[in-house]
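Only one structure is covered here, and it is reproduced in the block below.
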Amino acid sequence: MTLTDTQTTPVPADLPADLLDLDARDPLAHKRAEFLLPAGVVYLDGNSLGPLHRSVPERIERVLRGEWGEGLIRSWTANAEAALDWMALPDRVAAKIARLIGARPHEVAVGDSTSVNLFKALAAALALVPDRRVILTDADNFPTDLYVAQGLNALLGGRYELRRVPNTEIAAHLSLEIAVTLLTEVDYRTGRRLDLAGLSAQAREHGALTVWDLAHSAGAFEVDLNGAGADFAVGCGYKYLNGGPGAPAFLFVAERHHAGAPVALSGWMGHADPFEMARDFVPAPGARRFVPGTPQVLSLSALDAALDAFEGVEMAELRAKSLSLTDTFIGLMEPLCAAHGLMLVTPRAHAQRGSQVSYRAPDAQAVMRRLVERGVIGDFRTPDILRFGFTPLYHSHADVWRAVQGIRAVLEGQTP
Numbered sequence: 001m002t003l004t005d006t007q008t009t010p011v012p013a014d015l016p017a018d019l020l021d022l023d024a025r026d027p028l029a030h031k032r033a034e035f036l037l038p039a040g041v042v043y044l045d046g047n048s049l050g051p052l053h054r055s056v057p058e059r060i061e062r063v064l065r066g067e068w069g070e071g072l073i074r075s076w077t078a079n080a081e082a083a084l085d086w087m088a089l090p091d092r093v094a095a096k097i098a099r100l101i102g103a104r105p106h107e108v109a110v111g112d113s114t115s116v117n118l119f120k121a122l123a124a125a126l127a128l129v130p131d132r133r134v135i136l137t138d139a140d141n142f143p144t145d146l147y148v149a150q151g152l153n154a155l156l157g158g159r160y161e162l163r164r165v166p167n168t169e170i171a172a173h174l175s176l177e178i179a180v181t182l183l184t185e186v187d188y189r190t191g192r193r194l195d196l197a198g199l200s201a202q203a204r205e206h207g208a209l210t211v212w213d214l215a216h217s218a219g220a221f222e223v224d225l226n227g228a229g230a231d232f233a234v235g236c237g238y239k240y241l242n243g244g245p246g247a248p249a250f251l252f253v254a255e256r257h258h259a260g261a262p263v264a265l266s267g268w269m270g271h272a273d274p275f276e277m278a279r280d281f282v283p284a285p286g287a288r289r290f291v292p293g294t295p296q297v298l299s300l301s302a303l304d305a306a307l308d309a310f311e312g313v314e315m316a317e318l319r320a321k322s323l324s325l326t327d328t329f330i331g332l333m334e335p336l337c338a339a340h341g342l343m344l345v346t347p348r349a350h351a352q353r354g355s356q357v358s359y360r361a362p363d364a365q366a367v368m369r370r371l372v373e374r375g376v377i378g379d380f381r382t383p384d385i386l387r388f389g390f391t392p393l394y395h396s397h398a399d400v401w402r403a404v405q406g407i408r409a410v411l412e413g414q415t416p
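As numbered in UniProt numbering, residues 1 to 416 make up the sequence shown, in order.
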């Protein structure tokens, strides 16, 4: 399988005129050419791993041969105005992510994994509400969120209750005993989107703090953490941000908490002056205090380059196209659902939908395996979920049409 120039991908001869027109009027159509995608593949799994941005290989080559190979240790602080200033790299990436999530640059720290950042965020939030003992979360939250909460609670002597309720009942369970709500904005299985602004406001009314997981939000549609009054948030760099396998994650800490939120994992890079080599920890200003260790230069450089795909992109346009793509997919899939026993589990209501569409299906894992063999790459989630992610930066309505034709062929037992 070879990578293709996406600009030359042929339009299907049987593409309906309305879809052809939508693609012709797409203000983001030019962004597709920035990504390298395998020929003959419709890639609908960017909600697990984003594809390769064209600028990343060149950037990594430059870091390896130039900045590391020739610059050696000098590249840590060689030129504060250039890309080879490694010490400034996390802040540069943080500023790019901040724009996508409705944050100020100094409220975002980049580094570590989503799980590690979630530990830091939850530990800080709990410490800010010392007299309460309940963490309210979604019963079907992503496992790492639940595991981190369980592990932190054990470390703190088991004094908290992890109260798990259906994500449709979060608001009804808010009370004055809740310390923190730990929620994922978009459900990883169903694609259901929670009301981040509404739930943040309701939590605040009850004196609770909010910790949001934006793994399936950041880069998929507009997020406005400050507009919502969110307290803490985390997210990963390798899904809709396209930073590559294992890309660094990010942590958001609202400015109002910078002075009071304790740093559970304090390290030298979170110090106000790392090279002072002081014996006692003095936190750096802003969210940078939450980054304990040395920046992961190679992976940060890949993420930095990939984030340039969002340059000049209005997040409202991104959301509008996402809804158009998913509406089209849902509509085209209706006859197949009726004929083959598939059940849509993603909400039809726009306000409740992320940028993926999921179905319950008989023998879902085998169906997805055959789809991948046919060149339609989605994802399977236990026990019976077919999951399809749509990324407005590189998907077209023609891709939606191709995908549905591939799904039809698999469900009808056609051979490739």
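Where a beta carbon is used, it is the ideal one built from N, C-alpha and C, also for glycine. From a predicted model like this one, the values you see are computed outputs, not experimental measurements.
Residue j beta carbon less than 8 Å from that of residue i
i, j, result
"Asp213", "Glu169", "no"
"Val148", "Ala302", "no"
"Asp45", "Ile377", "yes"
"Ala220", "Tyr240", "yes"
"Gln356", "Gly406", "no"
"Glu255", "Arg104", "yes"
"Phe290", "Lys120", "yes"
"Gly111", "Gln365", "no"
"Ser299", "Gly246", "yes"
"Lys31", "Tyr359", "no"
"Val263", "Ala272", "no"
"Glu222", "Ala94", "no"
"Gly102", "Asp224", "yes"
"Leu22", "Ser324", "yes"
Rounded separation between residue i and residue j - CA only
i, j, result
"Gly331", "Pro166", "27 Å"
"Ala98", "Ala109", "9 Å"
"Glu61", "Leu251", "28 Å"
"Leu15", "Ala398", "7 Å"
"Asp140", "Ala88", "38 Å"
"Val234", "Gln414", "43 Å"
"Ser396", "Leu20", "9 Å"
"Glu412", "Gly243", "37 Å"
"Tyr160", "Thr114", "22 Å"
"Gly158", "Gly151", "9 Å"
"Ala83", "Ala306", "At Ala83, the pLDDT of 48 sits below 50, so the modelled position is not reliable; the number obtained from the coordinates is stated separately. One C-alpha to the other measures close to 14 Å."
"Tyr238", "Leu52", "10 Å"
"Pro362", "Ala403", "19 Å"
"Val41", "Cys337", "23 Å"
"Arg321", "Pro392", "For the record, residue 321 in the displayed sequence is Lys; it is not Arg. Computed Cα separation, rounded: 6 Å."
"Ala39", "Asp145", "36 Å"
"Pro285", "Ala259", "9 Å"
"Glu373", "Asp379", "12 Å"
"Leu49", "Tyr43", "10 Å"
"Gln7", "Leu155", "Its pLDDT being 48, under 50, Gln7 is placed unreliably by the model, and the measurement read from it follows with that caveat. Their backbone Cα atoms lie some 53 Å apart in a straight line."
"His216", "Leu183", "12 Å"
Where residue i falls, given that 16 or more other Cβ within 10 Å makes a residue buried
i, result
"Val410", "buried"
"Ala80", "Summary for Ala80: the model assigns pLDDT 49, below 50, so the residue's position carries little reliability, and this model does not support an answer."
"residue 418", "Because the chain in this structure spans residues 1 to 416, residue 418 falls outside the shown range and cannot be described."
"Phe142", "buried"
"Asp26", "buried"
"Ile275", "This sequence places Phe at residue 275; Ile is not what is there. Classification for Phe275: exposed."
"Pro64", "Checking the sequence, you will find Leu at residue 64 rather than Pro. The residue in question, Leu64, is exposed, as its Cβ has fewer than 16 Cβ neighbours within 10 Å."
"Glu107", "buried"
"Ala13", "exposed"
"Leu342", "buried"
"Asp138", "buried"
Cβ-Cβ separation, residue j to residue i (assumed contact under 8 Å), whole Å
i, j, result
"Glu67", "Arg54", "Contact doesn't hold; Cβ gap of about 20 Å is too wide."
"Ala124", "Phe232", "7 Å"
Query raised in the report: For the 8 Å Cβ check, are there 3 or more pairs between the region 308 to 325 and the region 118 to 129?
Result: no
Query raised in the report: If we count Cβ pairs, one from each stretch, closer than 8 Å, do we get three or more for the region 172 to 183 versus the region 132 to 146?
Result: yes
**Report entry** contact_flag[the region 184 to 203, the region 224 to 237] where n(CB pairs < 8 Å) is 3 or more
**Finding:** yes
Query raised in the report: Between the region 346 to 364 and the region 190 to 198, are three or more C-beta pairs nearer than 8 Å?
Result: yes
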